[in-house]
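What follows is a single structure, written as structure tokens, with notes after it.
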Amino acid sequence: MSNKILILFAHPRFESSANNSLLVKHIPDLPEITFHDLYERYPDFNIDIEYEKKLLSDHQIIVWHHPFYWYSAPPILKQWIDLVLEFGWAYGPGGDALDGKIIFHCLTVGGPQSAYNREGYNRFTLMELLSPFYQTAYLCKMVWLPPFTMHGTHRISTEEKIRTAQYYGTLLGMMVRGEFSVNEIKKFTYMNEWIISVTAKISAS
Amino acid sequence: MNFLTQALIYLTAAVICVPLAKRLGMGSVLGYLLAGMLIGPFVFGFIGKEGQDIMHFSEFGVVMMLFLIGLELEPSQFWRMRKSILGMGSIQLVFTSLFIFVLMMILGLEWQVSLAIALAFAMSSTAIVLQTIKEKGLSLSASGQASFSVLLFQDIMVIPVLAILPLIAVKGLTESRHINSSLIGNLPGWMQGLSFVGSVALIFFGGRYLFVPLLRVVARTRLRELFTASSLLLVVSVALLMQVIGLSPALGTFLAGIVLASSEYRHELESDLDPFKGLLLGLFFIGVGASINFGLIGSKPFLISGLVAGVMIIKFLILFATGRIFKVASDQNLLFAFALSQVGEFAFVLLSFSNQLNIIDREWMEIMMAVTAISMTITPLLLLLNERVIDPKFGLKESSDTDNKAAPEIGEHHPVIIAGFGHFGSTIGRFLRANGVESIILDHDSDRVSLLRKMGFKVYYGDATRFDLLQAAGAENAKILIAAIDPPEINQELILTARKHFPDLHIMARAKSRMDAYELIDMGLSDIYRESLHTSVKLAVDVLGKLGQRSYTATRQGQKFMQYDEEALKEMAEHRHDMKQYVLKARETFRLQEEMLAKDLDHETGENDHSWDSEIIRDTLRKIQ
């Protein structure tokens, strides 16, 4: 059984983001994957709610793909959440449209992974900081999976970035083909860890 | 009297009478006519018989006016109007002549005399009508178009009429020769026809391939007065050419205007000749006023007043019927019929020509000329009467009969008044209505008014610059007045009136251009909306998008550019007063545009935008490591 993936991409200045260009370039060119560029589509923030709802209904897996700005998402994603996830449709009585759909983040994060813990300068873990999104997914009865991240974008080498981008591509391909188990992935803090372990197993066997 | 004294008299009379007339809402034409009467031989007697000469000289103003009209009319537009020009024009001319001919025959005049008078009286005054229509901003309305068509046809018909008159002159044909000043008058008919075609061709090719290149050379010298001289030279030479071959100079310059309408110097020519036209026309009207022979009127008051009434009633009825046939709406038709009901300036020419041909004797000519002058003087008064009394009653009643519910009740109050409901105002009205805000609309196009009423809009018909109409629309209790009238001068007049009488009313104004916006800023307005700014920036933003730029970035650049442009507008509005030597608008526009472009070079909205750009963070981190 194949899954359809909707990537909700939000970058206010995509043209000068090398990291996200790299990630987007590695998205497999498959009919099952819809890349939806929110800033390009809605430069005036006038989001077409009906169209967005239809897109959501047509896909089984949703990805929020954006840079992690100020411990949150770029404003258009908040606008999208506010407008599209309507009461009685996404949540509340009769709001079952998203019931059982899978959702996770793909994030580029400036600081290194080590900064996101009690002792680091960001003081909170990434999971803690993402809790508003987690809770949003929960209220919409969606299945929340850990984020796929490119950490330390200000410091890491280009080779490292390319490797991460390749993993992103592999991940999406496997999800389309249904080669994953939700419960298995949920054991990891980062989606990256799961995909690395899985691909290592495949190449070993 | 020497030249300076004369100039002093004319100018003083004009400067006093015209603003006074305008202030009383009578229009400039009546002001000039009154000025002429005052300084004429029968009131103060500052000028004597030279009124006629002045008129003769200043008829050149009419010639210039037709040139300017031609300039505003592109050939394709002219072609589109051919049906109404030929149709309305010929119906009006034929039937008016016929009825006046009968009237004259009844008076016991010979048929030749009657015919000459009938043909002369069928003409209306291009000078009065077009000036009035322009002042009222009605050029594009149905009445404006109808008036223009009929007047143009009359101007064309002056030529054959001038040709016919010698044929009906039974006596003194030998004498008439010398007045036929045209060089080709003695040539056989086919040669005359050929020279006519030849001169039209000359105007066409000369205008396009000789005059425009000449203007290019002149423009490069950057001598402003030389450009004005060239413009005058063109009009004078075309007029002279027409006179030589015995055609109407006005018609010739009109053709020249159309030829040059598509040239790049159209606006320059317009702004250069406009003051000359205005002054000469003013002088012409003063001449008409001064030439009214009050002595003659005093000796034959009943005959002359009867003739004026009879002729004007005939003309009015036939014009009204013509409008009906061509389905002009009643309000518009009333205005059209009233506007053209006078005898025009061509009558002076045709009457004196007939006198020279011995068709009509001196006394009758003087009587008829008095009738002409009086009818011209009455026209502005009639129009005033129509505007204030007849039309509001008749027009409003007529329209509200069709849809009584939608007609606004006096005393009904709405927070918003929209003055002018063309493409600009209508968008505002529709949007407000879609958001539950009903507004009162003021518009002076009766066709549009009746349509809007059918659609359930609350529309007042009339001139929004009038205090009483604003008051009737509830300006006292309204919160916002949207000044969205198309011609900037009228819009500004509205703003002035509204501010004077309703100081609490908040005004939000449409500006047609940057220049217009400067003037509104000078008036102290702060809510100014340039009609092209948002649209053109939006288009430019989309161009960036089509060229591959991210649309959100392009949108932000557009927003920043608009903000920058608004700030620059305010700054330059003050700055422009430092340069007093630039008086004429067209020139000033170019200069300000140049300044604007220079300023843009220092301000690149695209650069210095570091939002969401992590390059800086990366660089800084690299440096400290």
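Keeping their order, the protein sequence lines are chains A and B.
All residue numbers for the first sequence refer to this note's numbering, where the first residue is -9 and numbers rise by one.
All residue numbers for the second sequence refer to this note's numbering, where the first residue is 9 and numbers rise by one.
In this text, a Cβ means the ideal position worked out from N, Cα and C, and glycines have one as well.
A/VAL53: member of the beta strand (DSSP E) spanning 51 to 57, first to last residue. Excluding five sequence positions before and after A/HIS95, the CB atoms of its chain that fall closer than 6 Å to its own CB belong to TRP54 and PRO137, given in chain order.
Along the region 549 to 561 of chain B, going in chain order, the ones with a CB nearer than 7 Å to a CB of chain A are ARG558, SER559, TYR560 and THR561. For A/PHE(-1), no Cβ of chain B is located within less than 7 Å of the residue's own Cβ. Residue pairing by DSSP puts B/ILE488 in a beta bridge opposite B/VAL424 and B/HIS514.
When Cβ-Cβ separations below 7 Å define contact, B/THR140 makes no contact with chain A.
Among the bridge pairs identified by DSSP, A/HIS95 is matched with A/TRP54.
Listed along chain A are GLY100 and HIS144, each with a C-beta nearer than 8 Å to that of B/ILE625. Residues of the region -3 to 24 of chain A with a C-beta less than 7 Å from any C-beta of chain B: PRO2, ARG3, PHE4, GLU5 and SER6, listed in chain order.
Counting the other Cβ atoms within 10 Å of the Cβ of B/VAL110 gives fewer than 16, which makes it exposed. Of the residues assessed, B/GLY206 falls on the exposed side of the cut-off, its CB having fewer than 16 other CB atoms within 10 angstroms. Distances from the CA of A/ILE93 to each of A/TRP70, A/ILE152, A/VAL99 and A/TRP134 were compared; the closest alpha carbon is that of A/TRP134. A/ARG31 and B/SER559 have their C-alpha atoms spaced approximately 8 Å apart. Within 10 angstroms of the beta-carbon of B/LYS285 lie 16 or more other beta-carbons, which makes it buried.
For the pair B/SER105 and B/ALA130, the Cα-to-Cα distance works out to about 5 Å. Taking C-beta atoms as the reference points, B/LYS462 and B/ILE448 fail to come closer than 7 Å. For A/GLU169, no CB of chain B lies under 7 Å from its own CB, so it is not counted at the interface with that chain. By the Cβ rule, the region 475 to 491 of chain B counts as touching the region 506 to 521 of chain B, because three or more pairs are nearer than 8 Å. Excluding its 5 nearest sequence neighbours in each direction, A/SER62 has no C-beta neighbour in its own chain below 6 Å. By the criterion of a C-beta distance shorter than 6 Å, B/GLY566 is surrounded in its chain by VAL545 and VAL549, once the five residues flanking it on both sides are discounted. Rounded to the nearest angstrom, the Cβ distance from B/PHE235 to B/GLU276 is 7 Å, consistent with a contact under 8 Å. Put simply, the backbone Cα of B/SER245 is about 41 Å away from that of B/THR473.
CA-to-CA, the gap between B/CYS25 and B/TYR40 works out to about 7 Å. The continuous beta strand (DSSP E) containing A/PHE(-1) extends over residues -5 to -1. Judged by DSSP in its simplified three-state form, A/ILE23 adopts strand.
For the alpha helix (DSSP H) assignment, the uninterrupted runs of no fewer than 4 residues enclosed by the region 510 to 584 of chain B are, from N- to C-terminal side, 522 to 530, 541 to 554 and 559 to 583. For the region 24 to 35 of chain A, the set of positions with a beta-carbon nearer than 7 Å to some beta-carbon of chain B reads TYR29, GLU30, PRO33 and ASP34 in chain order. Against chain A, the CB of B/LEU541 has no partner CB under 7 Å away; the residue lies outside that interface. Between B/ALA381 and B/SER299 a beta carbon distance of about 6 Å is seen, short of the 8 Å cut, so the two are scored as contacting. In its chain, beyond the 5 residues on either side, no residue has a beta carbon closer than 6 Å to the beta carbon of A/THR126. Per DSSP, the continuous beta strand (DSSP E) segment holding A/MET140 begins and ends at 138 to 140.
In the structure shown, B/VAL336 falls within a coil segment according to DSSP collapsed to helix, strand and coil.
Where B/VAL71 is concerned, the enclosing alpha helix (DSSP H) starts and stops at 68 to 79. Going by C-alpha positions, B/GLU446 is about 18 Å away from B/LEU477. At a cut-off of 7 Å between C-beta atoms, B/ASP621 counts as an interface residue with respect to chain A. In summary, B/GLY464 is exposed, with fewer than 16 beta-carbon neighbours lying within 10 Å of its beta-carbon over all protein chains present.
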